[in-house]
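K.L.:
I have a structure here, written as C-alpha cells, and I will follow up with some questions on it.
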Ligand SMILES: NC(=O)c1ccc[n+]([C@@H]2O[C@H](COP(=O)([O-])OP(=O)(O)OC[C@H]3O[C@@H](n4cnc5c(N)ncnc54)[C@H](O)[C@@H]3O)[C@@H](O)[C@H]2O)c1
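In C-alpha cells, the structure reads:
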C-alpha cells in the first residue's frame, strides 16, 4: 500500500486538545499535512507545539465551535496561514446525561445539539466553499455508534444529535459530490477518552464499562489512535470512492 503524503495539503481538526482529535492531528502530522488544531481548551496550543516539533506547520485556535462565526474564523485562519483547505475533521463533541425525556431541561437539549450537531453544520457551511476553491476536499464528521441506533444508557439528546450528524453527512455528500467533495461520518464505539472514562472525568462508571466490554468481540476498549489513525486514510485518494456513508469503528460492538 502507498504511504499517505499530504505535503502542501491543509486540514482543520476540531476537538483536538485531547482524545480522538489529538490522535488524528498526530496522524495527519505523520502524513506531512499543514494543520489547524482547534478546541475550547487553551491546551490545544500544546498539541500545536508538539506537531511543530515533529516538523509540520501547525497553528492552534482556542474557540467555541458552537458559534458559527468561530467556525468561519477557523476557515479564514486556514486560508490565511496555508492558502487552501483540503480536509476537515469535525470532531469536537460533548456527552449528555442518561435520564427520562421529561427530566431533560430544554437548556441541556440545546447545549448538546448545539455542540454535537449544529457545530458540524456551521463548520461545513464555511469549509465546503473553501475546499471547492482549492479544487475539492474531504469532510469527516464524528458521529458515534449512538448515531446508528439507540443504546441502553445513552442520553436522548446525544443519540439524537449523533443521528443528525449522519443525516447531515449523507445529504452534503449527495449534494456536493459533483464539486469534488466527499463527506463521511465515523462512528466510534467505546474509546477511552475524557468523554467516557470516569478516571479521566468522563461519564461511564465501572458498571457501564463492564457492560460495554462484555459486548466488544475484540475484547478491548478502543484507544484514540484507533479512530485518529483512520481519518487521514479516509481523506486520502486511496479512499476516493468512499462517500456519504457512516463507518462504525467499534471492535465489533455493533455485531453483538
Ligand atoms: N470516546 C468515545 O467513546 C466516543 C464514542 C463515540 C463518539 N465519540 C465522539 O468523538 C468525539 C471526540 O470525543 P473524545 O472521545 O475524543 O472526547 P474528548 O472529551 O477527549 O474530546 C472532545 C474535545 O472536544 C472539545 N469540545 C467540546 N465542546 C467544544 C466546543 N463547544 N468547542 C470546541 N471544542 C469543544 C473538548 O474540549 C474536548 O477536548 C466527540 O464528538 C464524541 O462525541 C466519542
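Numbering (this note's numbering), first residue to last: 77 to 332.
Glycine included, C-beta positions come from ideal geometry on N, C-alpha and C.
When the Cα atoms are used, what is the spatial distance from residue 209 to residue 168?
P.N.:
The residue labelled residue 209 in the question sits at position 133 within the chain shown. The residue labelled residue 168 in the question sits at position 92 within the chain shown. Cα to Cα, the separation comes out at about 25 Å.
K.L.:
Give a yes or no on contact between the region 317-328 and the region 248-264, applying the rule of three or more CB pairs nearer than 8 Å.
P.N.:
Yes, they touch.
K.L.:
Runs of 4 residues minimum, wholly inside the region 176-262: which ones carry the alpha helix (DSSP H) assignment?
P.N.:
Within the region 176-262, the complete alpha helix (DSSP H) runs of at least 4 residues are 182-189, 195-209 and 232-252.
K.L.:
Do residue 123 and residue 136 have their C-beta atoms closer together than 8 Å?
P.N.:
Here residue 123 is taken as the residue at index 47 of the chain shown, counted from 1. Here residue 136 is taken as the residue at index 60 of the chain shown, counted from 1. Result yes, Cβ atoms of residue 123 and residue 136 sit closer than 8 Å.
K.L.:
Would you report the Cα separation of residue 152 and residue 86, rounded to the nearest angstrom?
P.N.:
Taking the first residue of the chain shown as position 1, residue 152 is located at position 76. Taking the first residue of the chain shown as position 1, residue 86 is located at position 10. So the alpha carbons of these two residues sit roughly 12 Å apart.
K.L.:
Which full runs of the beta strand (DSSP E) of 3+ residues lie inside the region 279-312, going along the chain?
P.N.:
List check, beta strand (DSSP E) in window: nothing returned.
K.L.:
What is the rounded straight-line gap between the Cα of residue 267 and the Cα of residue 196?
P.N.:
As a working note, residue 267 is residue 191 in the chain shown. As a working note, residue 196 is residue 120 in the chain shown. Whole-angstrom Cα-Cα distance: 21 Å.
K.L.:
Measure the C-alpha to C-alpha separation of residue 127 and residue 221 and round it to an integer number of angstroms.
P.N.:
Start at 1 with the first residue of the chain shown, and residue 127 comes out as number 51. Start at 1 with the first residue of the chain shown, and residue 221 comes out as number 145. Those two C-alpha atoms are separated by around 30 Å.
K.L.:
To the nearest whole angstrom, what separates the beta carbons of residue 120 and residue 114, a pair I think is in contact under 8 Å?
P.N.:
The count along the chain shown starts at 1 and reaches residue 120 at position 44. The count along the chain shown starts at 1 and reaches residue 114 at position 38. With a Cβ gap of about 6 Å, residue 120 and residue 114 count as contacting.
K.L.:
Given that a residue counts as buried once 16 or more other Cβ atoms are within 10 Å of its Cβ, and exposed if not, what is residue 231?
P.N.:
Against the chain shown, residue 231 aligns to sequence position 155. Result: buried.
K.L.:
Closer than 8 Å is the cut-off here; do at least three beta carbon pairs connect the region 300-309 with the region 199-213?
P.N.:
Contact fails: fewer than three Cβ-Cβ distances are below 8 Å.
K.L.:
Evaluate the contact criterion for the region 184-193 versus the region 287-294: three or more CB pairs, one atom per stretch, below 8 Å.
P.N.:
Flag = no, the region 184-193 and the region 287-294 do not touch.
K.L.:
Measuring straight from C-alpha to C-alpha, what distance separates residue 175 and residue 235?
P.N.:
Translated into positions along the chain shown, residue 175 becomes position 99. Translated into positions along the chain shown, residue 235 becomes position 159. Their backbone Cα atoms lie some 12 Å apart in a straight line.
K.L.:
Just to check, is the beta-carbon of residue 232 closer than 7 Å to a non-hydrogen atom of ligand 1?
P.N.:
As a position in the chain shown, residue 232 is number 156, starting the count at 1. No, Cβ of residue 232 sits at least 7 Å from all heavy atoms of ligand 1.
K.L.:
Assuming the contact rule is C-beta atoms closer than 8 Å, residue 117 and residue 216 should be a hit. Round their C-beta distance to whole Å, please.
P.N.:
Position 41 of the chain shown, counted from the start, is the residue given in the question as residue 117. Position 140 of the chain shown, counted from the start, is the residue given in the question as residue 216. About 21 Å separates the two Cβ atoms, so there is no contact after all.
K.L.:
Measure the CB-CB distance between residue 165 and residue 89 and report whether it falls below 8 Å.
P.N.:
The residue labelled residue 165 in the question sits at position 89 within the chain shown. The residue labelled residue 89 in the question sits at position 13 within the chain shown. Yes, Cβ-Cβ distance for residue 165 and residue 89 is below 8 Å.
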